[in-house]
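See structure below.
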């Protein structure tokens, strides 16, 4: 159990404050904020320590026997740290944002309690050492997110919550079946780079194929793979910080991360190719990418457009993993981070527009750049990043996915990327153009100023800071992608352990 | 050190754009706008040969350098942006939205300068996109419906060009195994990669049949923006071709022939459609399509005649510099209509500044056009090409006649709206315009004195009968046409030729779809009792859910679920 205390501390740095917040009375605002920010800050610091340790080559492992033969295992490898540091950083920003966003609204103790629970579950998923542990945290995440989705209590929110639970619990059941079956078949092995199922390929090929499909259905609901995606665009009725959590930090990412783990660390790329599993996954990812973009084009609601864009963008991750070659996997893994940073920026911006000026539709965005220049600038950075223009984060992904597709001998994927970029441009450029170049003649409605008085900046600083921070982060990770500690550098490190990495230097 | 010098060229305009964006009210910042091109100009003039820098942390490794071709393009680009920027400063003086114009101006400038220095695929793509997308803000600046329409066409084609270029670069880089432009060209892109690169860059260069954004965007944009669009930005596509196409010892016959064909077609069709236009700036846009056609032909010839490729590339570069300066000056001329002076010496200068760039484009001896045209045709003298290609030299010469007619038509239409300056002469505009116009005489001098080693030209190349007869022919044709149709309604082709067809097709398709669409199904009728039952069930369900939102309940359920999960696992 060397270093296992650190993993537990990371888990409890959000779980502890979360539980404490549940029992805080509504009016103890200062203490609640302190607990929230303290937890988020502690987690950030601890993940930093872990990052330094893993970089040094230290091993971190914690296990707790659940029942004979099955342990609850926490472990830290480079891949889990990728996800853990992403959610730690983004959680910190989202906490700041949520405090600003929910200022003065009712039932905040409940909200922040579940909020912290959600993030604990996400970090648990990131640090899980085997499929059983993964499943446990995955289901906790499902349940802890639901109260956040229905937080507003409106009929639309309740409907979204119902759909969310329907989808995720059913998929959870499928996943449960698959994982128990797999455990009976192969034992409760820990995640191993390259997979641990080669021995069964001869005797149980069909079973493994069926299991893979079940696992993909189980994870695919959260990763919003077509046709299992319908809950996501409807869940956008939730408050903006929850959308950020759903789309960037936790839920969707958990699904994608599960797929990454299964393909890379349970089956292993070689076995997955041999059984013909990646080909199917590739087609589904490609269909999702195009379908999500087309749907996004058809809606005028800003948040709904962003939600459909998530459906499309998360499948870039799946696409990269399914390419099952070094460059493709780099593109997929790095998009886990890049999509998170970019999409959280966009959802924060949408939240700012809605809170500050009451804007919900793209057709209302005309001239917003003059009233809220910084938010609009962040939105522009996010939108251009999603299209995949350099030097923003999205380009790094697209470039590697393109090279990876050619390396895998599948040039049609490049066509998918081109088509998707065109569609992305078609639905992300109009709001940007309206915001900067449109004209607004009548004065703005100012719901925020109406109830909270004038603000020093274009909006409340707690709403503005996270937006600017994540937008700058999205620019920096793209601009300095060549540095060793950038997400790209880190992902290259992960992939190098499994594959011989081809060089595409100068 | 060299890294800082190279990076400063795109960074200075970028930083100024940020400052102007943050403090739009500062008049002092606005006055700096033209000078943001100065580092580029300084680098073009003073950089030691072989200046380069590799920045491995930036993007996925960035390589910037000034090579001989790049130096010429850098000088043209920075110089033209500087002159047009000075013009813009006085042109936009009373524009309430001028800071927005300046921000887009500076962003496009940064992209245009950066893409010349970029020597690797990613940096090239970065600056190329920055320029393309920022220029959209210049095209739609006036905010008129015409500008929005032009902007839409421009943006669609620009984004299309972007993604085609992206796909082409990925294919080419993958085949080369390296991302530097030199390595990509050395690995000879083939098949799809080649097609995508030619198309992606060709949209920017106004290549047929993707040229139709030019005659829409140029008249819609403010005068100085049209000048840089036509003079500098469309040259980016040309530069991209020079850097990425397999112009090496083996050449590429198929692509070469295709480019010569497309180029010559553009040279003549541009003139044919152009003379049927009415507005001066549209005429100039069609002239740009025609002139870019000549440069495209030059690239095609370099692919067909590998042994002369060094000469031809240098000649195309010279032609690009000549055309950029002359066309920039002509666009500024279009913006001088209300500056017709009163005094005689000023009128002489006005006429000189107007005629010089026009004559240079037509290729009159002793102008920059004469040198550029002779340089381009020089390697064709021998029996170098076979088949229909053998007529290339003659066709290139004939194109000058078309240019003459087109420019006469421009001057005629332009003269119609000439007005005397109401409140005195606008000196900054005159300086910028006159300076650019005089380049038509200074450029050949400079080329002959400090000539590039790849292009050893002499004074004899400044004149020749092959320069004079097309101009004479053009004058004759123009005279005939003028006498013939003087008092009649001239036939017209709508501006943006193919764009009009595309828009009509699009509208038609939408109408057809709407007509074909079936009416929606009637809402199913449910018996009243059933509906009441369903509503009741839903109400009860929602009440239950609302109870679930109380955290005590969900907490309890949550613990129960966790316990259940654990027990199931234990039993399993």
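Chains as they are written, first to last, in this note's numbering: chain A, 678 to 1183; chain B, 27 to 598. No residue lacks a Cβ here, since even glycine has one placed at the ideal position from N, Cα and C.
Whose C-alpha, out of the options, is nearest the C-alpha of residue i?
i                       : options                          : result
residue 288 of chain B  : B:185, B:393, B:269 and B:418    : B:418
residue 905 of chain A  : A:1098, A:845 and A:690          : A:845
residue 716 of chain A  : A:793, A:749 and A:759           : A:793
residue 593 of chain B  : A:813, A:795 and A:698           : A:813
residue 1121 of chain A : A:1134, A:1073, A:1047 and A:711 : A:1047
residue 702 of chain A  : A:690, A:713, A:787 and A:732    : A:787
residue 247 of chain B  : B:207, B:536, B:114 and B:448    : B:114
residue 1016 of chain A : A:997, A:962 and A:1071          : A:1071
residue 1032 of chain A : A:884, A:1137 and A:722          : A:1137
residue 62 of chain B   : B:111, B:250 and B:446           : B:111
Could you list which residues in chain A have their beta carbon closer than 9 Å to that of residue i, in chain order?
i                      : result
residue 531 of chain B : Within chain A, no residue comes near residue 531 of chain B; the closest Cβ sits about 18 Å away, beyond 9 Å.
residue 181 of chain B : 1102, 1106 and 1110
Starting from residue i, find everything on chain A with Cβ-Cβ shorter than 8 Å and list it in chain order.
i                      : result
residue 196 of chain B : 1076, 1079, 1080, 1083 and 1091
residue 166 of chain B : 1114
residue 568 of chain B : 832 and 835
residue 587 of chain B : 816 and 820
Quick one: which chain B residues come within Cβ less than 8 Å of residue i?
i                       : result
residue 693 of chain A  : Within chain B, no residue comes near residue 693 of chain A; the closest Cβ sits about 16 Å away, beyond 8 Å.
residue 1095 of chain A : 189, 190, 192 and 193
residue 1099 of chain A : 185, 186 and 189
Reducing DSSP to helix, strand and coil, say where residue i ends up.
i                       : result
residue 1132 of chain A : coil
residue 857 of chain A  : helix
residue 78 of chain B   : strand
residue 867 of chain A  : strand
residue 978 of chain A  : strand
residue 744 of chain A  : strand
residue 678 of chain A  : Caution is warranted here: a pLDDT of 43 is assigned to residue 678 of chain A, below 50, making its placement in the model unreliable, and the coordinate value is therefore given only provisionally. DSSP places residue 678 of chain A in coil when its eight states are reduced to three.
residue 205 of chain B  : coil
residue 120 of chain B  : coil
residue 1113 of chain A : helix
residue 144 of chain B  : strand
residue 784 of chain A  : coil
residue 738 of chain A  : strand
residue 779 of chain A  : coil
residue 986 of chain A  : helix
residue 752 of chain A  : strand
residue 1038 of chain A : strand
residue 168 of chain B  : coil
residue 650 of chain A  : Residue 650 of chain A falls outside the range modelled here, since chain A spans only 678 to 1183, and no answer is possible.
residue 446 of chain B  : strand
residue 848 of chain A  : helix
I'd like the span of the alpha helix (DSSP H) that includes residue i, first residue to last.
i                       : result
residue 1160 of chain A : It is not in any alpha helix (DSSP H) - residue 1160 of chain A carries neither H nor E in the DSSP assignment.
residue 733 of chain A  : 706 to 733
residue 811 of chain A  : 808 to 826
residue 951 of chain A  : 946 to 951
residue 414 of chain B  : Per DSSP, residue 414 of chain B belongs to no alpha helix (DSSP H) and is neither H nor E.
residue 1048 of chain A : 1045 to 1048
residue 337 of chain B  : 335 to 360
Beta strand (DSSP E) containing residue i: first to last residue?
i                     : result
residue 89 of chain B : 88 to 91
residue 50 of chain B : Element bounds for residue 50 of chain B: n/a, residue is neither H nor E.
What does residue i reach in chain B if we use C-beta pairs closer than 7 Å?
i                       : result
residue 1068 of chain A : 85 and 152
Worksheet entry | Residues from the segment 147 to 162 of chain B in contact with chain A, defined by Cβ distance under 7 Å | Answer set for the segment 147 to 162 of chain B: 148, 151, 152 and 155.
Worksheet item: Closer than 9 Å, Cβ to any Cβ of chain A: which residues of the segment 68 to 98 of chain B, in chain order?
Response: Within the segment 68 to 98 of chain B, the qualifying residues are 80, 81, 82, 83, 84, 85, 86, 87, 88 and 89.
Practice prompt. Would you list, in chain order, the members of the segment 1150 to 1166 of chain A that have their beta-carbon closer than 8 Å to a beta-carbon of chain B?
Written response: Under the 8 Å Cβ criterion, the segment 1150 to 1166 of chain A contributes 1155, 1156, 1157, 1158, 1159, 1160 and 1165.
Discussion item. Residues of the segment 915 to 933 of chain A in Cβ contact with chain B at a cutoff of 9 Å, in chain order, please.
Written reply: Residues passing the 9 Å Cβ filter: none.
Practice prompt. Would you list, in chain order, the members of the segment 109 to 125 of chain B that have their beta-carbon closer than 9 Å to a beta-carbon of chain A?
Written response: Residues of the segment 109 to 125 of chain B with a C-beta atom less than 9 Å from some C-beta of chain A do not occur.
Worksheet entry | Residues of the segment 975 to 987 of chain A with Cβ closer than 7 Å to any Cβ of chain B, in chain order | Under the 7 Å Cβ criterion, the segment 975 to 987 of chain A contributes no residue.
Fill in: chain A contacts from the segment 401 to 432 of chain B (Cβ-Cβ distance under 9 Å)
Close to chain A, meaning a Cβ-Cβ distance shorter than 9 Å, is no residue of the segment 401 to 432 of chain B at all.
Item to complete: Check distances from the C-beta atoms of the segment 261 to 286 of chain B to those of chain A and list, in chain order, the residues that come in under 9 Å.
Response: Within the segment 261 to 286 of chain B, no residue qualifies.
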